[in-house]
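Colleague: My structure is below; once you've seen it, I'll send some questions.
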Amino acid sequence: MSKPARVLTFKCANCEKPVKVFLQKVSACSHIQPYQGVCACGVLKRHATGNKDAVESYLASPEGQWSHHH
Numbered sequence: 014m015s016k017p018a019r020v021l022t023f024k025c026a027n028c029e030k031p032v033k034v035f036l037q038k039v040s041a042c043s044h045i046q047p048y049q050g051v052c053a054c055g056v057l058k059r060h061a062t063g064n065k066d067a068v069e070s071y072l073a074s075p076e077g078q079w080s081h082h083h
């Protein structure tokens, strides 16, 4: 299995400039890879890949309050 990318780039929903999101540190599991970054305009961008339920939980959680448990 290949490792997830450490950095992804998206277009900001607010200003349409490129915003880089960085892989966040998580447990050694492979079913979610959360990313987060802040655009130059100050808007937070979060993204995740992996298990559908875990991704939805991450994206729906309040900023800074998501945690992953087995």
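Numbering (the numbering used here), first residue to last: 14 to 83.
For each residue, glycine too, the CB sits at the ideal point set by N, CA and C.
Can you check whether the CB of VAL20 is closer than 8 Å to the CB of ILE45?
Modeller: Position 32 of the sequence shown holds residue 45. Position 7 of the sequence shown holds residue 20. Taking 8 Å as the Cβ cut-off, ILE45 and VAL20 do not qualify as a contacting pair.
Colleague: Considering just the uninterrupted stretch of the alpha helix (DSSP H) at ALA67, what are its terminal residues?
Modeller: Counted from its first residue, the sequence shown places residue 67 at position 54. Residues 65 to 73.
Colleague: Taking the straight line between their C-alpha atoms, what separation do you get for ALA53 and LYS38?
Modeller: Position 40 of the sequence shown, counted from the start, is the residue given in the question as residue 53. Position 25 of the sequence shown, counted from the start, is the residue given in the question as residue 38. One C-alpha to the other measures close to 22 Å.
Colleague: Beta strand (DSSP E) containing PRO31: first to last residue?
Modeller: Taking the first residue of the sequence shown as position 1, residue 31 is located at position 18. That run of the beta strand (DSSP E) goes 31 to 36.
Colleague: For PHE35, collect the residues of the same chain with a Cβ closer than 7 Å to its Cβ; drop the 5 residues on either side in sequence, then sort them by chain order.
Modeller: One-based indexing of the sequence shown puts residue 35 at position 22. Answer for PHE35: ARG19, VAL20, TYR48, GLN49 and GLY50, listed in chain order.
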